[in-house]
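Let me begin by presenting the structure, written as C-alpha cells, before commenting on it.
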Amino acid sequence: MRSIVWDLGGTLIDTYPDVDRALALAAFGDASPGRLAEVAALTRVSSDHAITQLSARTGVGAEELRRAYDGVKERWEHTPAPVMPGAREVMAAVSARGGLNLVATHRDRASAELLVARTGLAVDDMVCAPDGHARKPSPEMIEVLMGRHRLDPGDVLAVGDRPVDVEAGEAAGATGVLLVTPGIPLDAGDARRVGHLGELLPLVADDA
13 MRSIVWDLGG TLIDTYPDVD RALALAAFGD ASPGRLAEVA ALTRVSSDHA
63 ITQLSARTGV GAEELRRAYD GVKERWEHTP APVMPGAREV MAAVSARGGL
113 NLVATHRDRA SAELLVARTG LAVDDMVCAP DGHARKPSPE MIEVLMGRHR
163 LDPGDVLAVG DRPVDVEAGE AAGATGVLLV TPGIPLDAGD ARRVGHLGEL
213 LPLVADDA
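The sequence shown stops at residue 220 when you use my numbering, and every number in between is there.
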C-alpha cells in the first residue's frame with residue numbers, strides 16, 4: 013500500500029489564483045496577466061517571500077500586503093479555494109488500498125483546518141509548521157507524520173508543488189513528487205514530476 017504526505021495550498025487545494033490576484037492588486041493596483049505572472053513567481057517560493065519582495069519593489073508596506081493576504085483567508089471561510097483536479101480521486105484510491113492521506117503544511121493550523129473542512133477533503137492527519145515544527149526543506153514534519161503512523165518511508169509519496177516539498181520528502185526517505193505549475197519553471201532535480209494529480213493513481217497501486 014502507499015500513503016501520501018501532501019502539501020496543502022497549491023497541491024491539494026488551488027489557493028494560488030486567489031492569493032496572486034489579491035497581492036497583485038495590493039502591490040500594483042493591477043491584476044493583468046503580466047502582473048499575475050510576476051507575483052506567481054514569488055508566491056511559488058512562499059507567501060512571506062512574495063510579500064517581502066513585493067514590498068521592496070513597490071514601496072507598498074508589508075503590513076498592507078499582509079492584510080490583503082489575510083483577507084483572502086477570511087473569504088475562504090465562505091467561498092473556499094477549489095480542490096485541485098484529480099485530488100479527490102487519488103485520495104480515495106489511497107484510502108481504498110489501506111493507505112493514509114496526510115498533510116504537512118507551512119500554513120497556520122486555523123487556516124489549514126478551515127480549508128480542509130470547507131472543501132471536505134478526507135485528511136487522516138495533519139502537521140503544521142507554525143505548531144512548532146521546522147519548515148521544509150527540513151524533513152521534520154514528514155518524519156513526525158511517518159513516525160506517528162508507523163509508516164515505512166519506502167511506502168510513502170511526498171507530493172507538493174515546490175522543490176522544498178520534494179526535498180523534505182526525499183530527506184525523510186519518501187519518494188518526492190513535484191506537481192508542476194504551468195509557466196513556473198522550478199528545479200527539483202531528478203524528482204518525478206506530474207502535471208495533473210491523476211497521474212499519481214498508478215503510483216498508489218498495491219504493487220507500485
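Here a beta-carbon is modelled for each residue, glycine too, at the ideal position from N, C-alpha and C.
Let me make sure I understand the geometry here. Which of GLU50, ARG87, GLU75, ARG69 has the alpha-carbon closest to that of THR27? ARG87
Please confirm whether PRO165 and ALA184 have their CB atoms less than 8 Å apart. yes
Give a yes or no on whether the C-beta atoms belonging to VAL102 and LEU213 are separated by under 8 Å. yes
Please return the same chain residues whose Cβ sits closer than 6 Å to the Cβ of VAL192, not counting the five positions on each side in sequence. ARG205, GLY207
Helix, strand or coil: which one does DSSP assign to ASP199? coil
Within a Cβ cutoff of 6 Å, which residues of the same chain sit near ALA180, ignoring the five residues on either side of it in sequence? LYS148, PRO149, PRO151, ILE154
Could you pull the DSSP bridge partners for MET138 from this structure? VAL115
How many angstroms separate the CA atom of ASN113 from the CA atom of MET96? 15 Å
Can you tell me which of LEU35, PRO92, LEU24 puts its alpha carbon nearest to the alpha carbon of ASP60? LEU35
Tell me ILE25's beta-bridge partners as DSSP assigns them. GLY21, VAL95
So the beta strand (DSSP E) ALA170 belongs to, where does it begin and stop? 168–172
Buried versus exposed, by CB contacts within 10 Å (16 or more), PRO175: buried
For VAL192, three-class secondary structure by DSSP: coil
Kindly provide the ranges of any alpha helix (DSSP H) runs that are 4 or more residues long and lie completely inside the segment 29–71, ordered along the chain. 45–55, 59–70
Kindly indicate which residue of SER44, HIS161, ALA116, ALA39 has the alpha-carbon position closest to the one of GLN65. ALA39
With burial defined as no fewer than 16 other Cβ atoms inside 10 Å of the residue's Cβ, what is the status of GLY22: buried or exposed? buried
Could you give the residue range of the beta strand (DSSP E) that holds ARG205? 204–206
Do you know offhand how far ARG78's Cα is from ILE63's? 7 Å
Compute the distance between the beta-carbons of ARG160 and CYS140, then report whether it is under 8 Å. no
Closest to ASP202 by CA distance: which of GLY195, LEU163, LEU190, GLY210 is it? LEU190
Per-residue DSSP class, three states only, for SER150: coil
Which residue comes first and which comes last in the alpha helix (DSSP H) that contains PRO175? 175–183
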